[in-house]
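Peer 1: Residue numbers (the working numbering): 23 to 83. Beta carbons: idealized from backbone N, C-alpha and C, even for Gly. Got a structure for you, questions after.
Here is the structure:
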């Protein structure tokens, strides 16, 4: 079975706590967007980042 897959050329990592960057990323011609909930998010912003990520995913569903 031959399966042709195009490899990812551009992957954008964004802190999930940065709503402005998430909205901007939607307009960029990237192959993948990875929303970071770990190192890029300050400890006191982790809960808000998780909520923002849920909101983004629900809006796209």
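(1) Identify whether residue 84 lies in helix, strand or coil by the three-state DSSP scheme.
(2) Taking DSSP's pairing of strands, which residues face residue 22 in a bridge?
(3) Taking the continuous alpha helix (DSSP H) assigned at residue 45, which residues delimit it?
(4) How should residue 79 be labelled, buried or exposed, when 16 other C-beta atoms within 10 angstroms of its C-beta is the threshold for buried?
(5) Closer than 8 Å is the cut-off here; do at least three beta carbon pairs connect the stretch 58–78 with the stretch 30–41?
Peer 2: This is what the structure gives:
(1) Only positions 23 to 83 of the chain appear in this structure, which leaves residue 84 out of reach.
(2) Since the displayed the chain opens at 23 and closes at 83, residue 22 lies outside it and no answer follows.
(3) Numbered from 1 along the chain shown, position 23 holds the residue referred to as residue 45. Per DSSP, residue 45 belongs to the alpha helix (DSSP H) from 41–47.
(4) Here the question's residue 79 lines up with position 57 in the chain shown. Result: exposed.
(5) yes
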